[in-house]
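Asker: Quick one: this structure, given as structure tokens, is what I'll be asking you about.
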Amino acid sequence: MCGIIGYVGKRDCSQLLLNGLKRLEYRGYDSAGVAVMGQGEVIVRRCEGKLHRLEASLAETPIKGTIGLGHTRWATHGQPSERNAHPHRAGEIVIIQNGIIENYRDVKERLLTTGHTIKSDTDTELVAHLIEDQVKAGDDLETAVIHASRALKGSFALGVIATRFPDQLIGVRVGPPLIVGIGVDEWFIASDVAAILDQTKQVVFLEDGDLAVLNRTGVRFRRLTGEAIDKQVETVQWTPMQAEKGGFKHFMLKEIHEQPQTVGDSIRGRYQHEQGMVQLDIPTIDSQLGQIQRILISACGTSYYAGCVGKYLLESFARLPVEVDLASELRYRDPLIDNQTLMISISQSGESADTLAAQRLAKAKRGSTLAICNVVGSTIAREAQDVIYLHAGPEISVASTKTFIGTLAILYLVALYLAAHRKTMSVHDRQSALGELLKVPQQIETILMNQQPVEEIAKRFGLFRDFLFLGRGIVYPVALEGALKLKEISYIHAEGYAAGEMKHGPIALIDDQLPVVVLAANDHTLDKTISNVEEVRARNARVIAIVEEGDHRMGGLADETITIPASSWGTKPFLFALPIQLLAYHVAVFKGTDVDQPRNLAKSVTVE
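This is the structure we're talking about:
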């Protein structure tokens, strides 16, 4: 999500930290700051907005020192502002953090009752106070960080310095990536190789639960369990541009590979599996649940197709009627919305003009409004009564991938949340549904480890001019999303259709020049899907079938087969999304189009 850089050495580091943060700008951020230790004190400088503001502040009033931390923040807890920007301080402890602390409410309550003054809205500052308590109790900085980290639940990477320990910098990884760079008589930490690649290519990749202790003579490593460990130094061969992309050829492919983490980050801290409960911080909507009789989902593009999946989940789990509407159409008709209607607005950026207008229309008609988006402090998030953030981190590629998956995860949780309130699912059934969702990250990893068949299919079919995507039931919206992805980045005409509707028109187009991608979900619709495939085969279509492991009923009907892990009904859309994303990506690469910046498209559509 955010960007981290830290330095220990002999050079004045304020400009070095700033330059490192500039190389992390591609990740997206809403505020930035540095902390530099010199002459026995740590000076912190922070600014809301882009790095040029921080750069101007440092130019006007320079700070000097040979140990320091730098951070670009993508807000998760607290609005983008100077007071919420990193680094954060508690007494002599100064800290930067990536990730999310799940138990921050419990930690904050405990700190407040013991006399601490909390100055920001962030979860990060709380960690600094925990470390401060440990140092006051007699721990050295290294031990204090270990004890504080053990008290945390969540996914986080830390950089820590303290005035009492002027030669030391601590780095911790529990989830988000953190690396150690090794130079000549100087050492670095960073969230991404890009931040330090101009300084060194010798790096150590920390694993979950690793702690690095950097000082002016070297670096050593421990586990948070306490034992010392050895780590292998690796030489990075990436170019600076490759480093920004994590070694991937394109941001889109990088973001496809981030989807296991996206699901984890989207649901982390929002469920209790043992109780079958979902915990969502939506107090206004929670107070209105007794009067809500229908749900209206409003969105555009990929978010709209995620909303279509949400309709299946919400109606099945919560037994509420759900309508999904294109925001650009909804805003120009006179929809039936009243105080018994909950509008769920979905927008990756939180700034989509049509979705914002539709949400304002719902508010004017006294409907309840809940936003699902990825950007903290965005207009849609601010104007909704409640908001649920994806916590997916910046998505650089114009074609949305990980935010689609993250939105599915949030909609899945909302459906279970409403099911518990309405008592439409037993505790056992909610436990089972949550258990299936928890399997999704590893199932996605399995698909990502076996991309070769998709890449080969892309090469064989990349020169066709038209595609048809077919699906039924809960994966039908994924077929629509598959057609959209292929159109967006490869400029091939593609159409998504409900497989049962194919014979009511599109069948006239089918011949050996129209590849048909079939999402063959192994559920109660599969026999009908097979019948639809028989119909297209009879007209010489080339069939690319996505099937679930262990299901052989497609038999010899498909020319090409992509196999994915078997899954429960409600989690099938997560897994079927991966092959269609990868197919679009590899076709675009084969054709040589601009994958990350396709023509005529923008990431955030803020005009009609």
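Under the numbering used here, the first residue of the sequence shown is numbered 3, with each subsequent residue one higher. Glycine included, each C-beta is placed from N, C-alpha and C at the ideal position.
Tell me the DSSP bridge mates of residue 44?
Answerer: In DSSP, residue 44 forms a bridge with 39.
Asker: On a Cα-Cα basis, can you pick out the residue from 14, 200, 274 that is closest to residue 626?
Answerer: One cannot answer for residue 626 here, as it falls past the ends of the chain, which runs 3 to 610.
Asker: Note down the Cα distance separating residue 546 from residue 504, rounded to an integer number of angstroms.
Answerer: Spanning the two alpha carbons is a distance of roughly 16 Å.
Asker: As a quick exercise: from 317, 276, 168, 211, pick the residue whose alpha carbon is nearest that of residue 432.
Answerer: Nearest of 317, 276, 168, 211 to residue 432, Cα basis: 276.
Asker: Which same chain residues end up closer than 6 Å to residue 417 when comparing Cβ atoms and leaving out the 5 residues on each side of it in sequence?
Answerer: 315, 316, 319, 320.
Asker: Taking residue 410 and residue 578 to be in contact with their CB atoms under 8 Å, please state how far apart those CB atoms are, rounded to whole angstroms.
Answerer: Wrong, their Cβ atoms sit about 11 Å apart, outside the cutoff.
Asker: Under the DSSP definition of a beta bridge, which residues are partnered with residue 189?
Answerer: BP columns for residue 189 point to 10, 184.
Asker: Grab the span of the alpha helix (DSSP H) containing residue 406 for me, first residue to last.
Answerer: Where residue 406 is concerned, the enclosing alpha helix (DSSP H) stretches over 404 to 424.
Asker: Determine the DSSP secondary structure at residue 394, reduced to helix, strand or coil.
Answerer: It is coil, neither helix nor strand.
Asker: Quick check: residue 29 and residue 74, are their CB atoms within less than 8 Å of each other?
Answerer: Yes. Within cutoff.
Asker: According to the Cβ coordinates, are residue 182 and residue 160 closer than 8 Å?
Answerer: Not in contact: residue 182 and residue 160 (Cβ atoms no closer than 8 Å).
Asker: Within 10 Å of its beta-carbon, does residue 608 have 16 or more other beta-carbons around it, so buried, or fewer, so exposed?
Answerer: Because residue 608 sits at a pLDDT of 46, beneath the cut-off of 50, its placement in the model cannot be relied upon, and the point is left open.
Asker: State the DSSP-derived secondary structure class of residue 437, mapped to helix, strand or coil.
Answerer: Looking at residue 437 - three-state DSSP - the assignment turns out to be helix.
Asker: Below 8 Å on the Cβ atoms is my contact criterion, and I expect residue 218 with residue 283 to pass it. Report the Cβ-Cβ distance as a whole number of Å.
Answerer: The Cβ separation is near 44 Å, so there is no contact.
Asker: Answer yes or no: do residue 72 and residue 20 have a C-beta to C-beta separation smaller than 8 Å?
Answerer: Cβ atoms of residue 72 and residue 20: closer than 8 Å.
Asker: Could you check what DSSP says for residue 565 in three-state terms: helix, strand or coil?
Answerer: Strand.
Asker: Note the first and the last residue of the continuous alpha helix (DSSP H) segment covering residue 310.
Answerer: Counting along the chain, the alpha helix (DSSP H) containing residue 310 begins and ends at 303 to 320.
Asker: Does the Cβ-Cβ distance between residue 254 and residue 405 come in under 8 Å?
Answerer: Going by C-beta atoms, residue 254 is not nearer than 8 Å to residue 405.
Asker: Is residue 468 near residue 516, with beta carbons less than 8 Å apart?
Answerer: In contact: residue 468 and residue 516 (Cβ atoms closer than 8 Å).
Asker: Does the pairing of the stretch 149 to 158 with the stretch 120 to 138 give three or more beta-carbon distances under 8 Å?
Answerer: Taking 8 Å as the limit for Cβ pairs, the verdict is that the stretch 120 to 138 does touch the stretch 149 to 158.
Asker: Going by the CB atoms, is the gap between residue 531 and residue 474 shorter than 8 Å?
Answerer: In this structure, residue 531 lies closer than 8 Å to residue 474 by Cβ.
Asker: Could you check whether residue 66 and residue 125 sit closer than 8 Å to each other, using their CB atoms as the reference points?
Answerer: Taking 8 Å as the Cβ cut-off, residue 125 and residue 66 do not qualify as a contacting pair.
Asker: Tell me the DSSP secondary structure of residue 204 in three-state form.
Answerer: Of the three classes helix, strand and coil, the one that applies to residue 204 here is strand, per DSSP.
Asker: Alpha carbon to alpha carbon, what distance is there between residue 460 and residue 348?
Answerer: Going from the Cα of residue 348 to the Cα of residue 460 covers about 31 Å.
Asker: According to DSSP, which residues form a beta bridge with residue 499?
Answerer: BP columns for residue 499 point to 472.
Asker: From residue 215 to residue 36, what distance separates their C-alpha atoms?
Answerer: Distance between the alpha carbons of residue 215 and residue 36: 19 Å.
Asker: When burial is assigned at 16 or more other CB atoms within 10 Å of the CB, is residue 90 buried or exposed?
Answerer: That one is buried.
Asker: Report, in whole angstroms, the separation of the C-beta atoms of residue 16 and residue 60, which I expect to be a contact under 8 Å.
Answerer: With a Cβ gap of about 6 Å, residue 16 and residue 60 count as contacting.
Asker: Decide if the stretch 328 to 339 is in contact with the stretch 286 to 294; the criterion is three or more beta carbon pairs, one per stretch, under 8 Å apart.
Answerer: With a cut-off of 8 Å, the stretch 286 to 294 and the stretch 328 to 339 do not count as touching, because too few Cβ pairs lie within range.
Asker: Could you tell me which uninterrupted beta strand (DSSP E) segments, each at least 3 residues in length, are contained entirely in the stretch 76 to 154, listed from first to last along the chain?
Answerer: DSSP runs (the beta strand (DSSP E)) wholly in the stretch 76 to 154: 90 to 92, 95 to 103.
Asker: Leaving out the 5 sequence neighbours to the left and right, which residues in its chain are closer than 6 Å to residue 307 when beta-carbon positions are compared?
Answerer: Closer than 6 Å at the Cβ level, and outside the excluded window around residue 307, lie 479, 482, 483.
Asker: Roughly how many whole angstroms lie between the Cα atoms of residue 87 and residue 43?
Answerer: Cα-Cα distance, rounded: 20 Å.
Asker: Do you know whose CA, among 203, 224, 266, 245, lies nearest residue 235's CA?
Answerer: Checking every option, the nearest Cα to that of residue 235 belongs to 203.
Asker: Would you call the stretch 537 to 551 and the stretch 559 to 573 touching, i.e. three or more CB-CB distances under 8 Å?
Answerer: In short, these stretches touch, since the Cβ pair count reaches three.
Asker: Would a C-beta distance cut-off of 8 Å place residue 133 and residue 95 closer than the cut-off?
Answerer: Cβ distance < 8 Å, so residue 133 and residue 95 count as in contact.
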